[in-house]
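Worksheet: the structure to be examined is printed underneath.
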């Protein structure tokens, strides 16, 4: 009786791990320029960017909360005020307008949104 070798499985698993690791290294924050391009060129670009902004906003709040739990100084304080996913786009665009001379096209969207949260929800 011939038993199959575990080698093909191990090779596939190793290949999958390498691909996943490569994707993780290649993943970068979207820049303001990339976001504007996506909104203009893609049919559903505005929808994609809206979802992206919601994820960035939620990630920024969670990262901030973790930093505070780890002993960092708070810079975003909701103090019972609402922060809903539908607010992400307006926070982002208001921050870009308010500080148009500060942000360059190659700055990450996360920076803009984190600054917007700290401005709108100061401690």
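Residue numbers (the working numbering): 29 to 151.
Heads up, the beta-carbon is just placed ideally off N, CA and C, and yes, glycines get one too.
Can you tell me whether residue i is buried or exposed, with buried defined as 16 or more other CB within 10 angstroms of its CB?
i           : result
residue 123 : buried
residue 106 : exposed
residue 120 : buried
residue 116 : buried
residue 72  : exposed
residue 133 : exposed
residue 130 : exposed
residue 128 : exposed
Let me check understanding here. Comparing Cα to Cα, which of the options lies closest to residue i?
i           : options               : result
residue 108 : 149, 64 and 65        : 149
residue 88  : 69, 71 and 111        : 111
residue 77  : 57, 93, 94 and 96     : 57
residue 142 : 91, 132, 69 and 62    : 91
residue 151 : 132, 145, 139 and 104 : 104
residue 138 : 67, 84 and 62         : 84
In the DSSP assignment, find the alpha helix (DSSP H) that holds residue i and state where it starts and stops.
i           : result
residue 78  : 73 to 97
residue 132 : Premise fails: residue 132 is in no alpha helix (DSSP H) and is neither H nor E.
residue 65  : 60 to 69
residue 124 : 116 to 126
Taking residue i and residue j to be in contact with their CB atoms under 8 Å, please state how far apart those CB atoms are, rounded to whole angstroms.
i           : j          : result
residue 136 : residue 59 : 6 Å
residue 102 : residue 82 : That belief does not hold up - the Cβ atoms of residue 102 and residue 82 are roughly 22 Å apart, past 8 Å.
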